[in-house]
Each structure stands twice: as C-alpha cells, then as structure tokens.
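Q: One structure follows; several queries about it will come next.
Residue numbers (my numbering), protein chains in the order written: chain A, 350 to 594; chain B, 357 to 649.
Written out as structure tokens, the structure reads:
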C-alpha cells in the first residue's frame with residue numbers, strides 16, 4: 350500500500366471518475382472535495398452545480414454548506430434552487446455525486462433514519478436533494494468511506510432509489526461506487542467489485558461489506574494515483590478540516 | 357405608507373401560535389434575528405417549512421416553538437445532525453414530513469403559480485412517496501406517469517435581505533436559494549433587512565427588486581440580522597458559530613440554559629450581537645468585502 354491516506358485515495362479515486370466538460374451536481378463533503386479535485390487537475394472544464402443555485406462554480410476553498418460564500422465566490426452564475434433542479438429534471442446534468450449514511454447492494458441510499466433495536470430510529474438529516482439527484486441525473490456516482498456500518502444488504506430507509514427504480518430514459522441511476530479501496534460498478538443492477546486500488550487485495554476491498562459481492566473477472570487494478578492529484582486532494586482535505594463522511 | 361416596524365411588532369402582528377411558517381435563506385440570509393424574536397415571544401405549535409433547513413430550525417425546536425416540520429433536509433450543513441431536532445423527533449414531540457428539496461421547491465412554486473399541484477419525475481420510488489402520501493397523475497397528452505406534488509401555501513414567510521425601502525420593496529443580492537418561491541407562496545411576508553434605503557435607490561436598480569412592496573406585510577431593519585449565516589456584500593458566514601452549535605446542542609440542558617440567557621434573556625438581536633466579539637464580526641465584514649471587489 351502506498352503512503353496515501355484513505356481519505357486522499359477516496360477523494361482522488363472519486364475525482365478520477367469525473368470527465369472534463371461534464372456537468373456535475375455536487376453535494377457537500379466528499380462529493381464536493383472530489384469534484385473540486387477533478388476541476389483542479391484533469392477536468393478544468395467540468396461544470397459544478399450546487400443545489401443552492403450556483404452554476405459553474407469554482408470554490409476557492411471547500412464549502413461547509415451548499416450555499417456557503419465559497420460556493421458563490423468564484424461562480425459563473427447564481428440561479429435559484431428551482432433553476433438548478435429544473436436543469437436536473439430536464440436531463441442536463443451528466444453526473445450526480447452522492448454520499449449517504451448507508452448504501453445497499455442495489456445502490457439504494459439512506460440519509461433519513463437508522464433502525465435501532467428497542468429504541469426509536471436514529472433520526473438523520475433527510476434527503477436534501479439526494480433523492481432528486483438519484484432519480485434525475487444521467488449517471489450517479491456514489492462515494493463512501495471504507496466503513497462496514499455503511500454497507501448493508503438492505504438500507505433501513507430508501508431515501509434515494511438505486512438501480513431497480515424506474516426512471517426516465519437516459520437516466521441510469523448509480524453506475525459506480527468509489528471507496529478508498531476499490532471501484533464498484535452496478536452493471537447488472539447489483540453492487541459488483543469492478544477494480545481494486547493499487548496495492549489492495551480483493552479481500553481488503555470487500556472487507557467493508559457483510560456479504561460477498563459479485564466480481565468482474567479478471568479483476569482490474571486501478572492505475573496508481575498520480576502525485577499531482579494526490580497533492581490536490583490532500584490540500585482540499587486539509588482545508589476541509591473535518592471528518593470525511 | 358411605511359411598512360417599517362420594529363421586529364418585535366412585526367412578529368407580534370404577523371406570526372401566531374399554530375401558524376405554518378416559511379423561513380427563508382439558503383446558506384445566506386437565514387433570518388436568525390426573526391427566529392430569536394419568535395423564541396422571545398414564546399410562539400407555540402408552529403409548523404416550519406422550507407427545502408433545506410439549517411440550525412435556525414434546530415433553535416426553534418429546542419425552544420419549544422415547533423409542533424411539526426415539513427422539509428427536505430434538517431441538519432447542520434457540513435457538520436451533521438441537528439441535535440435538538442433529532443432528539444425531538446425521536447421523543448415524538450415534533451412531527452416531521454420528509455420531502456425532498458426539489459419537492460419542497462415545487463410545493464411552493466405551485467402555490468406561487470396558484471395551481472393545486474405540479475407534475476414531476478420524482479417521488480416515484482423509495483420510501484419517501486408513501487411516507488408523504490404523494491399521489492400519481494397521468495399526463496393527458498402523453499400518458500406519462502408523474503407524481504403530483506401538492507402546493508404548500510404557508511401562513512407567513514420570514515426572510516432576510518440586503519435592503520428595502522420604507523414602502524417594502526425588497527432587494528436581494530447573491531444566492532436566493534428557495535427564498536422567493538417560499539415567500540411568494542405565503543399569505544404574509546415579513547422581511548428583515550440590513551439597511552433601509554430611499555425609494556430612489558430601489559427605482560434606480562429595479563432589476564434587483566425580488567419582492568414588490570404590495571406583497572410585504574412588514575419590514576424591519578436589523579443589522580447582522582442573518583448572523584451567523586452570511587449576507588453577500590455585508591458579512592461572511594461564521595462557520596465556527598455553526599461548529600459551536602454542533603457542540604452546544606448535543607447537551608439538551610446546556611442548550612436550554614443558552615437559550616434562556618442568549619435569546620430570551622436578551623432585549624433584542626442588537627443586544628445579542630453587541631455581546632459578540634467585535635473583532636470576530638469585523639473579520640466577517642472584511643471577508644464579505646474581499647469577495648465582491
């Protein structure tokens with residue numbers, strides 16, 4: 350294993366999924382760090398949209414809120430929530446970037462409530478725009494820390510529907526899930542180990558799951574994260590200054 | 357006719373117990389001063405609504421003002437859970453209707469347009485549709501199935517903006533978020549503003565006017581009225597205050613003492629602001645000035 354930390358690898362591997370010129374709908378936290386890292390390296394023309402209404406944003410520092418001053422500081426356009434959700438529903442958003450408290454084998458995401466035995470559900474923040482992004486972006490990239498509590502066979506609450514949900518044509522739902530250790534696909538509608546990070550075994554990549562996912566054969570190994578991207582990711586994570594996930 | 361009132365009068369006359377209240381601001385211009393006044397006047401059984409709600413909802417819940425929340429998100433952005441909200445929902449003392457941010461914007465927009473619902477391609481799968489009992493509608497032209505997102509018209513909207521004239525024409529700069537949909541959907545609108553300007557200043561830049569005077573019930577001048585959120589061109593966001601709330605609000609008893617001292621125990625928002633380190637506020641003002649040069 351290289352010296353890069355898990356958080357650097359998580360942000361960098363997610364950033365590499367974003368192609369230049371893509372229009373991305375970006376949530377706060379790791380999704381925003383990944384999108385910013387992509388824009389500062391291989392995807393300078395990526396168009397970052399935040400649900401607060403900032404269109405073609407280029408934040409000088411990682412924003413704490415989707416409507417933070419950093420989102421607005423360097424943006425090309427300020428629209429409204431309605432105008433950016435309109436772009437989403439119209440099919441103008443290439444990629445939505447999401448994270449959540451829980452993900453399951455069909456790519457369903459839960460950010461609403463966690464079941465606890467003998468006690469009321471642990472109440473979380475709710476959908477925000479995540480449900481809308483999951484159904485309406487042309488592709489959805491899920492970004493999750495390598496954490497066993499977050500991967501479950503069936504989420505406690507389906508906030509943002511995964512691969513089995515009916516969608517408009519051209520809306521694929523989740524197509525990839527990135528952790529610090531691996532890239533998963535949803536090619537058959539089910540979370541499938543697609544590639545491992547450089548220096549990671551398939552068993553290590555699967556260690557965050559309580560079940561054995563299908564694997565692509567032969568299993569690919571992702572190219573090492575280059576020094577420039579790792580440095581950019583590290584700078585952003587440092588500026589973020591808070592726990593990842 | 358002047359719409360200018362003290363914030364105390366504006367809240368006393370326009371926010372009643374049991375009202376459905378839209379609270380504006382998305383990242384910026386979150387009307388904290390008005391929320392403090394609602395707490396001071398001990399309003400009860402309010403139904404709060406908006407798309408993404410931050411700690412201003414948590415404050416109102418912690419102060420016992422809230423019976424129900426209708427929203428897409430309630431949290432402390434970037435930091436995690438809204439702890440008072442979480443405790444209240446888990447204890448069953450506050451009800452919650454879980455929509456999504458887009459759905460909430462559409463609910464307000466339907467009311468703005470004066471129609472009972474708007475069709476949309478969301479709430480067609482997952483657990484949210486059944487939880488909020490959203491109905492289906494079939495397009496009479498194409499046969500396409502859509503969700504019928506029902507209109508929501510709050511009794512009163514509370515918003516913050518940069519400036520208004522005495523007549524009540526409101527000008528907002530920077531991110532509006534869902535503020536205008538929520539305000540225009542509401543029966544009454546209360547605006548707090550950083551400054552009151554002459555009518556000529558409004559009419560010299562009418563493209564900046566976002567709410568016309570005839571829709572406004574009351575305007576109150578409250579400097580720093582959106583602190584610790586931010587106001588474009590006036591002051592930056594006090595991220596540390598949000599982090600402080602994250603720590604403080606984890607302890608219900610400590611939070612209750614804080615509200616008694618810092619909200620109920622203050623004469624008004626100016627009194628609360630006066631107790632904040634001036635250097636801290638000056639730095640936020642300088643930060644905002646640097647962004648818009």
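Where a beta carbon is used, it is the ideal one built from N, C-alpha and C, also for glycine. Just so you know, these numbers come straight off a predicted model, no measurement behind them.
Report yes or no: do three or more beta-carbon pairs, one from the region 491–498 of chain B and one from the region 460–467 of chain B, lie closer than 8 angstroms?
A: Output reads no: the region 460–467 of chain B does not touch the region 491–498 of chain B.
Q: If we count the other Cβ atoms within 10 Å of its Cβ and call it buried at 16 or more, is residue 471(B) buried or exposed?
A: Counted from its first residue, the second chain places residue 471(B) at position 115. When all chains shown are included, residue 471(B) counts as exposed.
Q: Can you name, in chain order, every residue of its own chain whose Cβ lies under 7 angstroms from the Cβ of residue 611(B), other than the five neighbours on each side?
A: Counting from one through the second chain, the residue named residue 611(B) turns up at place 255. So the qualifying residues of the chain are 418, 440, 604 and 605.
Q: Check whether chain A comes within 9 angstroms of residue 601(B), counting only Cβ atoms and requiring the distance to be less than that.
A: Within the second chain, the letter at position 245 stands for residue 601(B). Residue 601(B) does not count as touching chain A.
Q: Going residue by residue through the region 557–634 of chain B, where are the continuous beta strand (DSSP E) segments of at least 3 residues, counting only ones entirely within it?
A: Qualifying beta strand (DSSP E) stretches, in chain order: 565–567 and 574–577.
Q: For residue 415(A), which residues in chain B fall below 8 angstroms Cβ to Cβ?
A: Translated into positions along the first chain, residue 415(A) becomes position 66. Within 8 angstroms Cβ-Cβ: 382, 383, 408 and 433.
Q: Label residue 575(A) either buried or exposed according to how many other C-beta atoms from any shown protein chain fall within 10 Å of its C-beta, with 16 as the threshold for buried.
A: To locate residue 575(A), count along the first chain from 1; it is residue 226. So residue 575(A) counts as exposed.
Q: Output yes or no for whether 9 angstroms exceeds the beta carbon distance between residue 365(A) and residue 395(A).
A: The count along the first chain starts at 1 and reaches residue 365(A) at position 16. The count along the first chain starts at 1 and reaches residue 395(A) at position 46. Not a contact, by the Cβ cut-off of 9 angstroms.
Q: Give the residues of chain B in contact with residue 517(A), contact being defined as C-beta atoms less than 8 angstroms apart.
A: Position 168 of the first chain holds residue 517(A). Those are 477, listed as they occur along chain B.
Q: Once you ignore the five residues that flank residue 490(B) on each side, which residues in its own chain have a CB closer than 6 angstroms to its CB?
A: Along the second chain, read from residue 1 onward, the residue named residue 490(B) stands at position 134. Excluding sequence neighbours, residue 490(B) sits near 479 and 503.
Q: Ignoring anything shorter than 4 residues or poking outside the region 521–556 of chain B, list the alpha helix (DSSP H) runs there in chain order.
A: Runs found: 535–541.
Q: Return the CA-CA distance between residue 481(B) and residue 515(A), expressed in angstroms with no decimal places.
A: Along the second chain, read from residue 1 onward, the residue named residue 481(B) stands at position 125. Along the first chain, read from residue 1 onward, the residue named residue 515(A) stands at position 166. Answer to the nearest angstrom: the Cα atoms are 7 angstroms apart.
Q: Any contact of the region 544–552 of chain B with the region 576–583 of chain B, i.e. 3+ C-beta pairs under 8 angstroms?
A: Yes: at least three Cβ pairs fall under 8 angstroms.
Q: When you compare each of 372(B), 601(B), 513(B) and 637(B) to residue 567(B) by their alpha carbons, which one comes out closest?
A: To locate residue 567(B), count along the second chain from 1; it is residue 211. Of the listed residues, the one whose Cα sits closest to residue 567(B) is 513(B).
Q: Please check if any C-beta of chain A sits within less than 9 angstroms of the C-beta of residue 413(B).
A: Stepping through the second chain from its first residue, residue 413(B) is reached at position 57. Residue 413(B) does not count as touching chain A.
Q: Would you please state the rounded distance, in angstroms, between the beta carbons of residue 445(B) and residue 472(A)? I believe it to be under 8 angstroms.
A: Your numbering for residue 445(B) matches position 89 in the second chain. Your numbering for residue 472(A) matches position 123 in the first chain. Right, their Cβ atoms sit about 4 angstroms apart.
Q: So which residues of chain B does residue 400(A) contact, with C-beta pairs closer than 8 angstroms?
A: Working through the first chain from its first residue, we reach residue 400(A) at position 51. The contacting residues are 408 and 457.
Q: Tell me whether residue 534(A) sits in a helix, a strand or coil according to DSSP, three-state version.
A: Position 185 of the first chain, counted from the start, is the residue given in the question as residue 534(A). The answer is strand: DSSP assigns residue 534(A) an E or B state.
Q: Report all residues from its chain with a CB closer than 8 angstroms to the CB of residue 426(A); omit the five preceding and five following residues, and keep chain order.
A: Within the first chain, numbered from 1, the residue matching residue 426(A) stands at position 77. Once the five neighbours on either side are set aside, the close Cβ partners of residue 426(A) are 403, 404 and 405.
Q: Considering residue 482(A), what are the terminal residues of the alpha helix (DSSP H) in which it resides?
A: Translated into positions along the first chain, residue 482(A) becomes position 133. Start and end: 479–485.
Q: Pull up the CB-CB distance for residue 451(B) and residue 429(B), whole angstroms please, since I reckon it's below 8 angstroms.
A: For the purposes of this step, residue 451(B) is taken as the residue at position 95 of the second chain. For the purposes of this step, residue 429(B) is taken as the residue at position 73 of the second chain. Contact doesn't hold; Cβ gap of about 16 angstroms is too wide.
Q: Would you kindly report the start and end of the unbroken alpha helix (DSSP H) that includes residue 382(B)?
A: Here residue 382(B) refers to the residue found at position 26 of the second chain. Residue 382(B) -> no alpha helix (DSSP H), and no H or E assigned at all.
Q: Can you tell me whether residue 532(B) is buried or exposed, with buried defined as 16 or more other CB within 10 angstroms of its CB?
A: To locate residue 532(B), count along the second chain from 1; it is residue 176. Buried: at least 16 other Cβ atoms inside 10 Å.
Q: For residue 424(B) and residue 474(A), what's the separation of their Cα atoms in angstroms?
A: The count along the second chain starts at 1 and reaches residue 424(B) at position 68. The count along the first chain starts at 1 and reaches residue 474(A) at position 125. For residue 424(B) and residue 474(A), the distance between alpha carbons rounds to 15 angstroms.
Q: Identify the residues that DSSP records as bridge partners of residue 408(B): which are they?
A: As a working note, residue 408(B) is residue 52 in the second chain. Partner(s): 429(B).
Q: With 16 as the cutoff for other CB atoms within 10 Å, does residue 563(B) come out buried or exposed?
A: Stepping through the second chain from its first residue, residue 563(B) is reached at position 207. Exposed, because fewer than 16 other Cβ atoms sit within 10 Å of the Cβ of residue 563(B).
Q: How is residue 587(A) classed by DSSP in three states: helix, strand or coil?
A: Residue mapping note: residue 587(A) aligns to position 238 of the first chain, counting from 1. Note: residue 587(A) maps to helix in three-state DSSP.
Q: Nearer than 8 angstroms: is that true of the beta carbon of residue 515(B) relative to any heavy atom of the ligand ZN?
A: This structure lacks the ligand ZN, and indeed carries no ligand of any kind.
Q: Can you pull the DSSP bridge partners for residue 385(A)?
A: Within the first chain, residue 385(A) is the residue found at index 36, counting from 1. DSSP, once it has assigned bridges, lists no residue as partnering residue 385(A).
Q: How would you label residue 423(A), buried or exposed, when you count the other beta carbons within 10 angstroms and need 16 or more for buried?
A: Along the first chain, read from residue 1 onward, the residue named residue 423(A) stands at position 74. By the 10 Å Cβ count, residue 423(A) comes out exposed.
Q: Helix, strand or coil for residue 507(B), going by three-state DSSP, please let me know.
A: Here the question's residue 507(B) lines up with position 151 in the second chain. In this structure, residue 507(B) counts as coil in the three-state DSSP scheme.
Q: For residue 426(A), which three-state DSSP category applies?
A: Translated into positions along the first chain, residue 426(A) becomes position 77. Strand, per DSSP.
Q: According to a CB-to-CB cut-off of less than 8 angstroms, which residues of the region 465–495 of chain B neighbour chain A?
A: Going along the region 465–495 of chain B in chain order, one finds 465, 476, 477, 478, 479, 480, 481, 482, 483 and 484 with a Cβ nearer than 8 angstroms to chain A.
Q: Could you tell me the distance, in whole angstroms, from the CA atom of residue 435(B) to the CA atom of residue 442(B)?
A: Here residue 435(B) refers to the residue found at position 79 when the second chain is read from its first residue. Here residue 442(B) refers to the residue found at position 86 when the second chain is read from its first residue. Their Cα atoms are separated by approximately 14 angstroms.
Q: Using only alpha-carbon positions, find the residue among 592(B), 627(B) and 622(B) that is nearest to residue 637(B).
A: Counting from 1 along the second chain, the entry for residue 637(B) is found at position 281. Taking only the C-alpha atoms, the option nearest residue 637(B) is 592(B).
Q: Does residue 350(A) come out as helix, strand or coil in the three-state DSSP assignment?
A: Position 1 of the first chain, counted from the first residue, corresponds to residue 350(A). Reliability fails at residue 350(A), whose pLDDT of 43 lies under 50, so the model's placement of it is uncertain and no value is given.
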